[in-house]
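A quick write-up on the structure given underneath.
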Amino acid sequence: MATTTQSRRSVLRQALTLCIIDGVASSPLCYLWLPGNFIVAALLTESFHLSEASYGLIVSLPFLANFLQIFLTPPLAHHFSAKSVTLVAAWGNAAGWLAMTVALSFLPRGDPDASTPVFLAFFLGFSLLASVNGVAWNSWTQEWSPERLRGKYFGFRNGLIQAATVLFLVLVWGTLRLFQGSLLALQGVLLFAVALRAWSIIAQHRLKSAAPAAGSASPLSWQEQLQTIRRSRSLVMFIAFGAIWGFAYNSLGPFYPVFMYKQLGLSLAHVCLFIIFNTVGAAVTMPTWGRLLDRLGNKSVMAAAILLWQAQFLVWVFLDRDNTWLLYIIWVWNGFTWAGFTLGLFNMLLKLIPPEAKTIAIGINTAVTSIVTAVAPIVSGAAITYALDHGWDAMRVYHYAFLLQTVPAFVSCLILLRVREPKASPLSAVFGAMRNIRTLGAMLGLTFIANYVFVKPARKIPR
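As structure tokens, this is what we get:
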């Protein structure tokens with residue numbers, strides 16, 4: 116008996132180590148598969164000259180994939196194990212990135228009409244595989260990670276991912292400066308990320324479970340779960356808030372790098388430096404935000420974070436090539452406010468989701484917010500392209516767009532303030548409930564949020 120217990124502990128220790136390797140090594144590619152990040156924004160709009168409308172369509176694909184995966188993952192989960200789905204989707208995603216990296220050398224750089232369909236196909240494939248992989252990985256993790264260790268362990272893992280994110284961005288910054296943001300430099304970054312992803316998948320292959328999976332099925336039927344959700348007015352309003360806020364942010368979030376490249380004339384390495392400042396700002400302030408959330412509640416802190424976050428757009432409206440130094444302050448401020456909003460959003464979701472309807476509530480939340488968020492960059496990209504094609508001044512178009520973005524953001528804040536926040540969270544952990552916040556977070560360079568396993572920290576038991 117003692118030998119069996121010792122053997123299980125050994126398998127668990129190995130699994131915990133391999134999971135850390137997986138998280139750290141996969142973070143570069145997890146960041147790059149999001150078209151709204153500054154590296155891919157430069158690749159698509161600077162190297163291959165895609166229009167804002169085409170770029171906005173590509174940016175919407177990860178959110179569309181978050182919606183479509185609800186039709187793909189159930190049948191896959193019925194026929195295959197969570198580990199098998201995770202591994203196949205991960206290898207497919209990495210192989211696709213490798214194929215696109217090689218294809219970049221052959222795509223016509225001066226003909227966006229020819230290259231746009233190719234990029235659409237690649238990023239749609241990446242996004243679907245990444246969404247399926249994310250859901251399957253979260254399910255698989257629940258099978259082998261003991262609940263008693265999740266808070267402490269994943270907190271430690273998340274901290275390592277933060278450090279790895281900053282290191283990766285510094286390496287990218289140095290590479291881009293050395294090669295002056297050339298296509299060859301971008302291909303080198305992509306190959307490096309694919310190689311690390313292959314290492315992380317090999318670690319996943321070696322990961323074994325020390326205990327059988329615990330059942331998590333709800334005793335209620337799907338119809339009863341839907342009725343439970345309909346009766347939860349606060350949850351319905353929270354989903355509406357998430358959809359409107361997602362539209363507000365994603366309408367222009369992916370176009371920040373485009374504005375900095377095209378209108379402010381900044382280099383790829385320069386923008387990378389801003390992202391590093393942003394990432395450090397978020398990582399440093401997360402513990403402080405956590406204490407504020409515990410003391411003041413999620414709703415009020417989130418509302419304050421939204422208002423503080425929107426204040427920066429009063430500065431974006433006046434940005435031009437003569438005052439780009441303001442971007443250092445703006446991106447640090449972005450990191451500060453985003454960190455508080457992200458932590459509050461997840462904790463709030465934990466409180467509002469009914470335990471007896473957890474699965475379908477998470478699915479509805481993800482589907483509704485994903486489809487609305489996916490529409491945002493398509494609409495804004497088409498509007499910007501239309502304005503530019505009709506002779507509007509490009510700098511003024513972006514300035515007006517930055518100002519207009521604040522309107523739906525403030526509307527979402529008003530809806531949030533009407534949500535009733537329970538005093539206690541009914542769930543200890545919900546894996547995979549934050550697909551959209553991970554996606555949006557990585558657009559800002561917050562790769563560690565894209566890889567976060569959000570858990571509620573265990574309370575200390577007084578002696």
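Quick note, the sequence shown lines up with residues 116 to 578 if you use our numbering.
Every residue gets a Cβ at the ideal spot worked out from N, C-alpha and C, and that includes glycine.
Report buried or exposed for residue i, applying the criterion of at least 16 other Cβ atoms within 10 angstroms of its Cβ.
{"i": "Thr132", "result": "exposed"}
{"i": "Asn438", "result": "exposed"}
{"i": "Tyr146", "result": "buried"}
{"i": "Asp137", "result": "buried"}
{"i": "Ser199", "result": "exposed"}
{"i": "Trp440", "result": "exposed"}
{"i": "Ile444", "result": "exposed"}
{"i": "Tyr513", "result": "buried"}
{"i": "Trp507", "result": "exposed"}
{"i": "Leu149", "result": "buried"}
{"i": "Leu264", "result": "exposed"}
{"i": "Tyr364", "result": "buried"}
{"i": "Gly368", "result": "buried"}
{"i": "Thr403", "result": "exposed"}
{"i": "Thr562", "result": "Because the pLDDT of Thr562 is 44, which lies under 50, any placement of that residue in the model is unreliable, and the number read from its coordinates should be weighed accordingly. Buried."}
{"i": "Gly450", "result": "buried"}
{"i": "Gly289", "result": "exposed"}
{"i": "Phe182", "result": "buried"}
{"i": "Leu282", "result": "exposed"}
{"i": "Ser315", "result": "buried"}
{"i": "Ala278", "result": "exposed"}
{"i": "Pro232", "result": "exposed"}
{"i": "Lys323", "result": "exposed"}
{"i": "Gln340", "result": "buried"}
{"i": "Arg124", "result": "exposed"}
{"i": "Gln342", "result": "exposed"}
{"i": "Leu532", "result": "exposed"}
{"i": "Pro143", "result": "buried"}
{"i": "Phe234", "result": "buried"}
{"i": "Pro492", "result": "buried"}
{"i": "Gln295", "result": "exposed"}
{"i": "Leu293", "result": "exposed"}
{"i": "Arg272", "result": "buried"}
{"i": "Lys61", "result": "Nothing about residue 61 can be read from this structure; the chain reaches only from 116 to 578."}
{"i": "Gly357", "result": "buried"}
Pick helix, strand or coil for residue i, following the three-state DSSP scheme.
{"i": "Phe517", "result": "helix"}
{"i": "Pro261", "result": "coil"}
{"i": "Phe163", "result": "coil"}
{"i": "Lys323", "result": "coil"}
{"i": "Ile468", "result": "coil"}
{"i": "Arg292", "result": "helix"}
{"i": "Gly357", "result": "helix"}
{"i": "Phe195", "result": "coil"}
{"i": "Trp206", "result": "helix"}
{"i": "Leu579", "result": "Nothing can be reported for residue 579: it is not among the residues displayed for the chain, which extend from 116 to 578."}
{"i": "Arg152", "result": "Sequence inspection shows Asn at residue 152; the Arg mentioned does not correspond to that position. Coil."}
{"i": "Asp504", "result": "helix"}
{"i": "Gly303", "result": "helix"}
{"i": "Gln378", "result": "coil"}
{"i": "Arg346", "result": "helix"}
{"i": "Ile552", "result": "Only weak support exists for where Ile552 lies, its pLDDT of 45 falling under 50; the coordinates are left without a value."}
{"i": "Glu77", "result": "Here the chain has residues from 116 to 578 only, and residue 77 is not among them."}
{"i": "Val309", "result": "helix"}
{"i": "Arg533", "result": "coil"}
{"i": "Ser297", "result": "coil"}
{"i": "Gln129", "result": "helix"}
{"i": "Arg124", "result": "helix"}
Compute every distance between the C-beta of residue i and the non-hydrogen atoms of the ligand HEM, then say whether any falls below 7 Å.
{"i": "Ile444", "result": "Summarising the ligand content, the structure contains no ligands, and the ligand HEM is consequently not present."}
Please specify which runs of the alpha helix (DSSP H), each continuous and at least 4 residues long, are wholly inside the stretch 389-454, giving them in chain order.
413-426 and 428-431
Count the C-beta pairs between the stretch 245-261 and the stretch 223-236 that are closer than 8 Å, then say yes if the count reaches three, no if not.
no
Is there contact between the stretch 166-175 and the stretch 366-381, where contact requires at least three CB pairs shorter than 8 Å?
yes
Is there contact between the stretch 213-221 and the stretch 522-532, where contact requires at least three CB pairs shorter than 8 Å?
no
Touching by the beta-carbon criterion (3+ pairs, under 8 Å), the stretch 152-163 and the stretch 383-390
yes
Is it a yes or a no for the stretch 451-458 touching the stretch 421-429, going by three-plus beta-carbon pairs under 8 Å?
yes
Please confirm if the stretch 292-312 is in contact with the stretch 202-216, defined as three or more CB-CB distances below 8 Å between the two stretches.
yes
Touch test, the stretch 234-246 against the stretch 176-191, Cβ-Cβ under 8 Å, three pairs minimum:
yes
Taking contact to mean at least 3 C-beta pairs separated by less than 8 Å, is the stretch 411-421 in contact with the stretch 388-401?
no
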